[in-house]
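Accompanying notes for the structure given below.
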Amino acid sequence: MSPRPKSSTKRPSFLNCAPVFAALGDETRLGLIAILCAGGAMSIAQLTSGAGITRQAITKHLDVLAAAGLVRDVKVGRERLWEFEPTQMDQARRSLEVIGQQWDRALAKLRLAVE
């Protein structure tokens, strides 16, 4: 049996959002995003204040969020500030809208078939 030829179809764009959804699947990381969206750029010291979590843990969570493209760090003098990066979140939102539209079409077809 010969190997299957590679498909020439392009990967759906919503599959590229998997790292975003995986990163946001953690309660702590989701909370960090909410804090950064509301408060703007913050240092790790500011993010850990009153959080009941260590700086090392916050740093690891920020690294995951950065790998997913959701946050970025900027150097301000000697301080490193973290800020929300909306581009990947916007792409994930658009992908969810496409999936929602697909479901709406599928449900409309099902409704017609049942009626």
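Residue numbers for the sequence shown follow our numbering, beginning at 171 and rising by one.
Every residue gets a Cβ at the ideal spot worked out from N, C-alpha and C, and that includes glycine.
Here the structure is a predicted model, which means the values were calculated and not measured.
Through-space distance from Arg242 to His231, alpha-carbon basis: Walking along the sequence shown from the start, residue 231 turns up at place 61. Walking along the sequence shown from the start, residue 242 turns up at place 72. In a straight line, the C-alpha of His231 is about 12 Å away from that of Arg242.
Continuous beta strand (DSSP E) assignments of at least 3 residues falling wholly in the segment 203-243: Counting only runs of 3 or more, we get nothing.
Residue range of the unbroken alpha helix (DSSP H) whose run includes Arg264: Here residue 264 refers to the residue found at position 94 of the sequence shown. In the DSSP annotation of this structure, the continuous segment of the alpha helix (DSSP H) that includes Arg264 starts and ends at 256-284.
Under the three-state DSSP convention, the category Arg250 falls into: By one-based count along the sequence shown, residue 250 stands at place 80. Three-state DSSP puts Arg250 in a strand.
Proximal residues to Ala236 (C-beta, below 6 Å), its chain only, five neighbours per side dropped: Taking the first residue of the sequence shown as 1, we reach residue 236 at position 66. Apart from the 5 residues on each side of it in sequence, Ala236 has no Cβ closer than 6 Å to any other Cβ in its chain.
Option in Ile228, Val244, Ala262, Arg225 with minimal Cα separation from Ala192: Numbered from 1 along the sequence shown, position 22 holds the residue referred to as residue 192. For the options Ile228, Val244, Ala262, Arg225, the alpha carbon positioned closest to that of Ala192 is the one of Ala262.
Proximity below 8 Å, CB of Leu194 to CB of Leu200: Looking up residue 194 in the sequence shown gives position 24. Looking up residue 200 in the sequence shown gives position 30. Yes, the Cβ-Cβ distance between Leu194 and Leu200 is below 8 Å.
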